[in-house]
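Numbering (this note's numbering), first residue to last: 139 to 782. Below is one structure, written out as structure tokens; comments come after it.
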């Protein structure tokens, strides 16, 4: 063998040795030595994470009455690749769960490693599937969001999707806070794509968390909703709305509208019914805005309560436009500022607006919060309508003086009245209960926007609206309680056709007792079909809500409304049916505040034994709200009358 051939063979041997040495080293590196990047890649390729509907914290009213809860339910899933026979499985699913075999075959797609077959089954159906013992099918426990009071406070609470994600209302705005626990299940996948569970991971929020407390008082909320139901039917309105607020700290005690929806079945209602119009829809406020202009004129020392304004016998010309009073009864030669508010003179309001000017008008709208969001803890809130002072023509300024040509949400308008009830401070409306704020009843929280003197002067004007027999709010008067408030009637505006002659918004915003206000209440009626003046439509509705609110908080009727014994009233709207759990039992509803007839009408459908003591309305119950209930469960109700 030549020397050259030996060299060539040596180089070949050396190359092979180097190659296999590198391969061996790489194998050791991959199989033996730790490698985080490769480990992570392996996890991504061979495992995936599947999330089930999580547990959500309960939502309570201010008295710890449950408004939303999570209950355990059962769902069925499949690993299509593990099924011995897709056709046989589809046939069995069709027999036990309904639906066509072809539908189930389509769901059992062999290309998928995991599919949900049916979510939130009854326990009975889940047991049927379990007894079939089909390899590749599995049963999983998860959670379902339940609203035990049905449609009560639905526009506040909102609702969730089937996976437990908040979609609207408090459920959306506080979604992360309410997600107390998430369970994520890791699925291992082999080279053929088959999967199996390898572990479960729980992530929990603070163990101290026990739910979200709202400022809502369920008793007042229920009463308001019942009054709205009756008003919508009687007035034949397109929609009715109401807000009850504590004017000292902005706590919302009730917020409701009709039409409404049931958050347990949101897919059965329209998106229009689900929209929170109190925080998201804009309306022209009408004559309620006259109060803000009067306050601005007083604050700027442009006018005094006794200042006399030319009211032109009910007519005033602005440019080429003649503005007249909506009712001849309001026509006057002249009126003092306080009487402009009492009698709701449009011409007088035009004179006030002209005194303030376009820049002053925009400034007052900004300061009273009508051009920005209130900051309430609900998503999707709408800002008010802001105008450039240069764009406010003399005619627009004149109509703004009586609440036309400018828009705001009902919540903005109610909030704007808070300074007149608390001495000049604009509060921020809130739905979240804060113990520090709640336990300081004498302390007003918010931003001062007018002086105490101006607030007191305006309050006196608002009192005359309800106490003067010619005042537009006289029907809001409650014997023994001083009520301060203002009516508002506005023509509806269509961007295409302009103002509609036969379509109106009617509203009333007021507070009581005027000497120490506990309630700031605003009601709005959209397109009443009979009468449309606020004095005849919105004012009586305000009075009913105000009276009942006082009764619920033990300020009447024996103390402030009348001295006669009250009969049981339907101040609380009863749920139509109970919520069923997966174990075949029912969830005990909150019956407090219902009459005996209402409570028994509901319970007699589900239980056999009910023990009752007392007369009037339900004040305590056993089992408590949220407890499991079956037909053999003993139920005890204690009743009391309003004046007991």
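For each residue, glycine too, the CB sits at the ideal point set by N, CA and C.
Taking the continuous alpha helix (DSSP H) assigned at residue 269, which residues delimit it?
-> Residues 261-270.
To the nearest angstrom, how far is it from the Cα of residue 460 to the Cα of residue 429?
-> Across the structure, residue 460 and residue 429 are spaced so that their CA atoms are roughly 23 angstroms apart.
With DSSP as the reference, please indicate the residues paired to residue 431 in a beta bridge.
-> Answer is none; residue 431 lacks a bridge partner.
Can you tell which of 606, 566, 560 has its C-alpha closest to the C-alpha of residue 589?
-> Looking at the Cα atoms, 560 is the closest of the given residues.
With a CB to CB cut of under 7 angstroms and the five nearest residues on each side skipped, what residues in its chain are close to residue 412?
-> Excluding its 5 nearest sequence neighbours in each direction, residue 412 has C-beta neighbours in its own chain below 7 angstroms: 306, 399, 404, listed in chain order.
If we count Cβ pairs, one from each stretch, closer than 8 angstroms, do we get three or more for the segment 670-688 versus the segment 620-631?
-> In this structure the segment 670-688 touches the segment 620-631; the number of beta carbon pairs closer than 8 angstroms is three or more.
Per-residue burial, residue 685 [other beta carbons within 10 Å of its own, 16 or more giving buried] | With 16 or more other Cβ atoms within 10 Å, it is buried.
Under the assumption that residue 245 contacts residue 255 (Cβ atoms under 8 angstroms), give the Cβ distance between them as a whole number of angstroms.
-> Between residue 245 and residue 255 a beta carbon distance of about 6 angstroms is seen, short of the 8 angstroms cut, so the two are scored as contacting.
Sort out for me which residues DSSP pairs residue 646 with in a bridge.
-> Residue 646 is bridged to 625, 661.
Cut-off 8 angstroms between Cβ atoms - residues of its own chain near residue 227, not counting five sequence neighbours on either side = Correct list, in chain order: 216, 221, 242, 246, 272, 274, 275.
Over what stretch of residues does the beta strand (DSSP E) that includes residue 448 continue unbroken?
-> That run of the beta strand (DSSP E) goes 446-448.
Specify the secondary structure class of residue 478 as computed by DSSP and reduced to three states.
-> Helix, per DSSP.
Could you check the C-alpha separation between residue 610 and residue 604 for me, to the nearest Å?
-> Inter-residue distance for residue 610 and residue 604 is about 7 angstroms (C-alpha atoms, whole angstroms).
Excluding five sequence neighbours on each side, which residues of the same chain lie with their C-beta closer than 6 angstroms to the C-beta of residue 225?
-> Taken in chain order, the list of residues that qualify is empty.
Local conformation of residue 494 per DSSP, three classes = In the structure shown, residue 494 sits in a helix (DSSP, three-state: H, G or I).
How long is the line joining the alpha carbons of residue 207 and residue 348, rounded to whole angstroms?
-> If I take the Cα positions, the gap works out to 11 angstroms.
Contact belief for residue 755 with residue 774 at Cβ below 8 angstroms, rounded distance in angstroms | Not a contact, Cβ separation roughly 15 angstroms.
For residue 275, the residue or residues it bridges with in DSSP | Assignment of beta-bridge partners to residue 275 by DSSP yields 216.
Grouping DSSP H, G and I as helix and E and B as strand, with all else coil, what is residue 783?
-> This structure leaves residue 783 out entirely; the chain is present only between 139 and 782.
Starting from residue 395 and walking both ways along the beta strand (DSSP E), at which residues does that stretch end?
-> For residue 395, the enclosing beta strand (DSSP E) starts and ends at 390-396.
Around the Cβ of residue 597, are there at least 16 other Cβ atoms within 10 angstroms (buried) or fewer (exposed)?
-> Buried: at least 16 other Cβ atoms inside 10 Å.
Beta-carbon proximity check, residue 426 vs residue 563, cutoff 7 angstroms = The criterion of a C-beta distance shorter than 7 angstroms is not satisfied by residue 426 and residue 563.
Please say whether residue 485 and residue 536 have beta carbons closer to each other than 7 angstroms?
-> No, they are not a contact pair.
Is the CB-CB distance between residue 517 and residue 311 below 7 angstroms?
-> For the 7 angstroms CB-CB criterion, residue 517 and residue 311 form a contact.
Which residues bound the beta strand (DSSP E) around residue 200?
-> Annotation: residue 200 is outside any beta strand (DSSP E) and is labelled neither H nor E by DSSP.
Output the distance between the C-alpha atoms of residue 105 and residue 357, rounded to the nearest integer angstrom.
-> Look at the range of the chain in this structure, 139 to 782, and you will see that residue 105 is not part of it.
Cα separation between residue 480 and residue 745?
-> Whole-angstrom Cα-Cα distance: 55 angstroms.
Sort 218, 409, 497 by Cα distance to residue 249 and report the nearest one.
-> If we check each option's Cα against that of residue 249, 218 comes out closest.
Inter-residue Cα distance where the pair is residue 571 and residue 351 | Answer to the nearest angstrom: the Cα atoms are 6 angstroms apart.
Would a C-beta distance cut-off of 7 angstroms place residue 401 and residue 297 closer than the cut-off?
-> Yes, the Cβ-Cβ distance between residue 401 and residue 297 is below 7 angstroms.
Residue 396: buried (16+ other C-beta within 10 angstroms of its C-beta) or exposed?
-> Counting every other CB atom within 10 Å of its CB across the protein chains shown gives residue 396 a total of 16 or more, marking it as buried.
Cβ shell of residue 473 (< 8 angstroms), same chain only, five flanking positions each side left out | 446, 447, 449, 481, 483, 486, listed in sequence order.
What's the C-alpha gap between residue 527 and residue 431?
-> Straight across, the Cα-Cα distance linking residue 527 with residue 431 is about 16 angstroms.
Could you check the C-alpha separation between residue 435 and residue 592 for me, to the nearest Å?
-> A straight line joining the alpha-carbon of residue 435 with that of residue 592 spans about 10 angstroms.
For the alpha helix (DSSP H) holding residue 534, just list the boundary residues, first then last.
-> Looking at the DSSP string, the run of the alpha helix (DSSP H) that includes residue 534 is 532-538.
Put residue 243 into one of helix, strand or coil per three-state DSSP.
-> When DSSP states are grouped into helix, strand and coil, residue 243 belongs to the helix group.
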